[in-house]
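K.L.:
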Amino acid sequence: MTDFLFNLPNWLLFVAAIAGLLLLTFIAAGLRALVNRLLPPPAPSRVVTTLLTGLLVPTGVLFASIANDVYRVDQRANDVVAQEAVALANLIHVMQRSPNGQPVVVAARGYAHAAVVGEWPTMDRGGADAETTREFDALGDALLARLDVPAGRERIDADAARRYYIQLGNARDERLRIAREHVGAKKWLTLLTLLAVSAYVVAELHPHGRRDRIVALVLYALAFGSLAFLILVYDRPFTGRTIVEPVELHALLARPADQPVGDPRDLR
4 MTDFLFNLPN WLLFVAAIAG LLLLTFIAAG LRALVNRLLP PPAPSRVVTT LLTGLLVPTG
64 VLFASIANDV YRVDQRANDV VAQEAVALAN LIHVMQRSPN GQPVVVAARG YAHAAVVGEW
124 PTMDRGGADA ETTREFDALG DALLARLDVP AGRERIDADA ARRYYIQLGN ARDERLRIAR
184 EHVGAKKWLT LLTLLAVSAY VVAELHPHGR RDRIVALVLY ALAFGSLAFL ILVYDRPFTG
244 RTIVEPVELH ALLARPADQP VGDPRDLR
């Protein structure tokens, strides 16, 4: 529903959010004027004020709920990217100290490069990158060959690397799943309906003062349009306006292949 908005620069997205809310509020005000012509209102009533209060509360709650969902998804995205890098760094660290672990290290770096170069742009189109998947499978095959060793230090290292490989796969799967998450059309439709009804009531609160009515509607649109802009900016952490970048994977690739990997948490 909002895919085209993510191709806009931030300033234009902000203008679009405000303009959209302005259009919605003035459509609601026009509908109110039409209804008043068809059904002339009786004497002013306090019911309108009570109704506005009753509408703004659920509207604010829905805004807060959507914003909280977007924030949690963004946090999970950052966490899972860090988990993926930590698992890969641990795997490389274990294999670097293994006598015959160099093929696994090369395969691990190949996966990191494919993920950074190929999969991050591909997530914008809602899917996994085939080359990254092949590199991930190649890493698994290299590890499988290392498991065929007798009991001892090499076998312990191979088992540890296998656990990190599983963690890496789980983190990647979670990252790809998060890349498909976004605020759904039903939530946007519900929110816009509540905003339109509230704008109608705001216009009804100023039946005679045209200037006051316009000022109230413009301020209403500015306030809620700004909130909608923030939701749009932080929605879709891998495909939206604020992309979660593979900072740790970049740092891992920036190190020479023969340089030992230290604490993965230092990658950032």
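Residues in the sequence shown are numbered from 4 upward in steps of one, following my numbering. Yeah, the Cβ is synthetic: ideal placement off N, Cα and C, and Gly gets one too.
1. DSSP three-state call for residue 29: helix, strand or coil?
2. Alpha carbon to alpha carbon, how far is residue 35 from residue 43? Give it in angstroms, no decimals.
3. With DSSP as the reference, label residue 131 as helix, strand or coil.
4. Rounded to the nearest angstrom, what separates residue 112 and residue 258 at their Cα positions?
5. How would you write the range of the alpha helix (DSSP H) that residue 216 sits in, first residue to last?
6. Under 8 Å Cβ to Cβ from residue 190, same chain only, skipping five residues before and after it: list those, please.
7. Count the other CB atoms, across all protein chains shown, that sit within 10 Å of the CB of residue 78; report buried if there are 16 or more and exposed otherwise.
8. Could you round the C-beta distance between residue 145 and residue 106 to whole angstroms and report it? I think they count as a contact, below 8 Å.
9. With residue 122 as the anchor, note down where its alpha helix (DSSP H) starts and where it stops.
10. How many angstroms separate the CA atom of residue 196 from the CA atom of residue 30?
11. Among the residues of its own chain, which have a CB less than 8 Å from the CB of residue 165, if the five just before and after it don't count?
12. Going by DSSP in three states, residue 186 sits in which element: helix, strand or coil?
13. Specify, as a first and last residue, the run of the alpha helix (DSSP H) that residue 255 falls within.
14. Roughly how many angstroms lie between the CA atoms of residue 58 and residue 194, to the nearest whole one?
15. Work out the CA separation of residue 110 and residue 288 for me, nearest whole Å.
16. Compare the C-alpha of residue 84 against each of 72, 256, 182, 174 and name the closest.
17. Nearest by alpha-carbon distance to residue 143: which of 15, 178, 104 is it?
18. How many angstroms separate the CA atom of residue 4 from the CA atom of residue 184?
19. Classify residue 68 as helix, strand or coil using the three-state DSSP reduction.
20. Closer than 6 Å by C-beta to residue 139: which residues in its own chain qualify, once you throw out the five before and the five after it? Chain order, please.
21. Could you give the distance in angstroms between the alpha-carbon of residue 88 and the alpha-carbon of residue 254?
22. Comparing C-alpha positions only, which one of 95, 136, 211 sits nearest to residue 39?
P.N.:
In short:
1. Looking at residue 29 - three-state DSSP - the assignment turns out to be helix.
2. Cα to Cα, residue 43 sits roughly 11 Å from residue 35.
3. In the structure shown, the three-state DSSP call for residue 131 is coil.
4. Approximately 10 Å between the Cα atoms of the pair.
5. Run containing residue 216: 213-237, per the alpha helix (DSSP H) assignment.
6. Non-local beta-carbon contacts of residue 190 in its own chain, meaning distances under 8 Å to residues more than five positions away in sequence, involve 65, 69 in chain order.
7. Of the other Cβ atoms in all chains shown, fewer than 16 fall within 10 Å of the Cβ of residue 78; this residue is therefore exposed.
8. Residue 145 to residue 106, Cβ: 5 Å. Contact.
9. Unbroken run through residue 122: none, as it is neither H nor E.
10. The alpha-carbon atoms of residue 196 and residue 30 are separated by roughly 12 Å.
11. Cβ neighbours of residue 165 beyond the five flanking positions: 146, 150.
12. Residue state for residue 186 is assigned as coil, using DSSP reduced to three classes.
13. Note, residue 255: alpha helix (DSSP H), 250-257.
14. Going from the Cα of residue 58 to the Cα of residue 194 covers about 11 Å.
15. This structure cannot speak to residue 288, because the chain is shown only from 4 to 271.
16. It is 174 whose Cα lies nearest to the Cα of residue 84.
17. Looking only at 15, 178, 104, the smallest Cα-Cα distance to residue 143 is reached by 104.
18. Only weak support is given to the placement of residue 4: the predicted model assigns it a pLDDT of 49, under 50, and the value that follows is read from those uncertain coordinates. In this structure, the CA atom of residue 4 is about 13 Å from the CA atom of residue 184.
19. When secondary structure is reduced to three states using DSSP, residue 68 falls in the helix class.
20. Here the set comprises 114.
21. For residue 88 and residue 254, the distance between alpha carbons rounds to 9 Å.
22. Ranking the options by Cα distance to residue 39, first place goes to 211.
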